[in-house]
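Below you'll find the structure, written out as structure tokens, and then a few comments.
In this note's numbering, the protein residues as written are 2 to 338.
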């Protein structure tokens, strides 16, 4: 204890070197009773000393001294007001502090205070806060209200999120909806592409999607909806038959169909690939289908399509690539014989 007291005294020494030495030794001793000696550094001009004070509070504040919490929550520095939020759960009752900080002028302080409050309170207090949070202009606060409500199975709050103007808030609600909730179909039919993808994936967690649901998914195109459709359709050739074929083959994506072909069983996909190559216009999609054939085995109908392309298109890129694929295939057959 005598050693701790000696080092605490150094913190008020006029020589800054002695102060730094005392701080270093006190952290080595790791004694919570040293905390009061650090508190004067809260308003120090040197940011290094403020940092040491913050570290000491994080380590040793036990929630007994509420005056420190109040001081931090009303400090002029947003950083120290954020620190008040970080340590408020060490206090039995910090509701007044959180009530104040949820109205803070600093956006980051305000967001953190809201998120902490939503996690901190339950029952009627939480319902009131969550309802108010859903009116916030800050998306993160609205999304946090949905997240906490979802984890607590408070459906009335979760369902409110479906009406939000932000897709990220709607998606957060989708995560917690029952898998047969009618709101999923509504989101799939009328949402933005990213929302449709989230609703579609949620539906797929419990059953296979219908053709109609796949068509709704692909009606609003985006990276997420494309990827969700691919995950559902890969490994088969369902996408090449009515009613899906029209929308799949007309998608504004050069890689979607080639990826599906790559993952489909060869016997099933051979006639589909051959038809696409034979009727292709030499575009990027056809080129990608050809590129995927390099080093791979393929069926007889695809081979016929390649021969036709190689013989009719002269020196066009499609013809050159088709010849290369055929030569590579012949070489591999020769090596295996």
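Built from N, CA and C at the ideal position, the CB exists for glycine as well. Being a predicted model, the structure only gives us computed values, none of them experimental.
Reducing DSSP to helix, strand and coil, say where residue 208 ends up.
Residue 208: coil per DSSP, three-state reduction.
Proximal residues to residue 271 (C-beta, below 8 angstroms), its chain only, five neighbours per side dropped
Once the five neighbours on either side are set aside, the close Cβ partners of residue 271 are 299, 300, 301, 302, 303.
Which of the three DSSP states is assigned to residue 93 in this structure?
Residue 93 falls in the coil class under three-state DSSP.
Alpha carbons only, please: which of 245, 192, 287 is nearest the one belonging to residue 260?
Of the candidates 245, 192, 287, the one whose C-alpha sits nearest the C-alpha of residue 260 is 287.
Within a Cβ cutoff of 7 angstroms, which residues of the same chain sit near residue 194, ignoring the five residues on either side of it in sequence?
So the qualifying residues of the chain are 221, 222, 223, 225, 226.
Taking residue 255 as the reference, which of 241, 285, 44, 262 has the closest Cα?
Taking only the C-alpha atoms, the option nearest residue 255 is 285.
With DSSP run on the structure shown, which of helix, strand or coil describes residue 235?
Taken through DSSP and simplified to helix, strand or coil, residue 235 comes out as coil.
Near residue 32, which residues of its chain fall below 7 angstroms by C-beta distance, leaving aside the five closest residues on each side in sequence?
Cβ neighbours of residue 32 beyond the five flanking positions: 5.
Check each candidate in 310, 318, 44, 330 and name the one with the smallest Cα separation from residue 296.
Considering only alpha carbons, the answer is 330.
Of the residues 111, 160, 182, which one's Cα is nearest the Cα of residue 203?
Residue 203 has its Cα closest to that of 182, out of 111, 160, 182.
What are the uninterrupted segments assigned as alpha helix (DSSP H) that are 4 or more residues long and contained completely in the region 54-138, given in chain order?
Taking only runs of at least 4 residues, the alpha helix (DSSP H) segments lying wholly in the region 54-138 are 67-74, 79-88, 96-102, 108-121, 124-134.
How would you label residue 16, buried or exposed, when you count the other beta carbons within 10 angstroms and need 16 or more for buried?
For residue 16, the number of other beta carbons within 10 angstroms of its own is below 16, and it is reported as exposed.
Using a Cβ-Cβ cut-off of 6 angstroms (strictly less than) and excluding sequence neighbours within five positions of residue 10, which residues of its own chain qualify?
Correct list: empty, nothing qualifies.
In this structure, does DSSP put residue 338 in helix, strand or coil?
Because residue 338 sits at a pLDDT of 48, beneath the cut-off of 50, its placement in the model cannot be relied upon, and the following sentence gives the value as read from the coordinates. For residue 338, the three-state secondary structure derived from DSSP is coil.
Can you tell me whether DSSP reads residue 328 as helix, strand or coil?
DSSP places residue 328 in helix when its eight states are reduced to three.
Taking DSSP as the reference, what is the three-state secondary structure of residue 9?
Looking at residue 9 - three-state DSSP - the assignment turns out to be helix.
Start and end of the alpha helix (DSSP H) containing residue 277?
Start and end: 267-279.
Thinking just about the alpha-carbon of each residue, which of 327, 253, 46 is nearest to the one in residue 78?
Comparing Cα-Cα distances from residue 78 to each of 327, 253, 46, the minimum goes to 46.
Chain-order list of residues whose beta-carbon lies under 6 angstroms from that of residue 274 (same chain, five-residue window excluded):
Cβ within range, chain order: 262, 303.
Can you give me the Cβ contacts of residue 279 inside the same chain, cut-off strictly under 6 angstroms, excluding the 5 residues immediately before and after it?
Leaving aside the five residues that flank residue 279 on each side, the residues in its chain whose CB is nearer than 6 angstroms to its CB run, in chain order, 306.
Are residue 237 and residue 265 close, meaning C-beta to C-beta below 9 angstroms?
Closer than 9 angstroms, so yes.
Would you decide whether residue 164 is buried or exposed? Buried here means 16 or more other CB atoms lie within 10 Å of its CB.
With fewer than 16 other Cβ atoms within 10 Å, it is exposed.
If you check the beta carbons only, do residue 188 and residue 170 fall under 9 angstroms apart?
No.
Among the residues of its own chain, which have a CB less than 7 angstroms from the CB of residue 73, if the five just before and after it don't count?
Closer than 7 angstroms at the Cβ level, and outside the excluded window around residue 73, lie 81, 82, 84, 85.
So the candidates are 57, 132, 102; which of them puts its Cα closest to the Cα of residue 71?
That would be 102, whose Cα lies nearest to the Cα of residue 71.
What would DSSP say about residue 299, mapped onto helix, strand or coil?
When DSSP states are grouped into helix, strand and coil, residue 299 belongs to the coil group.
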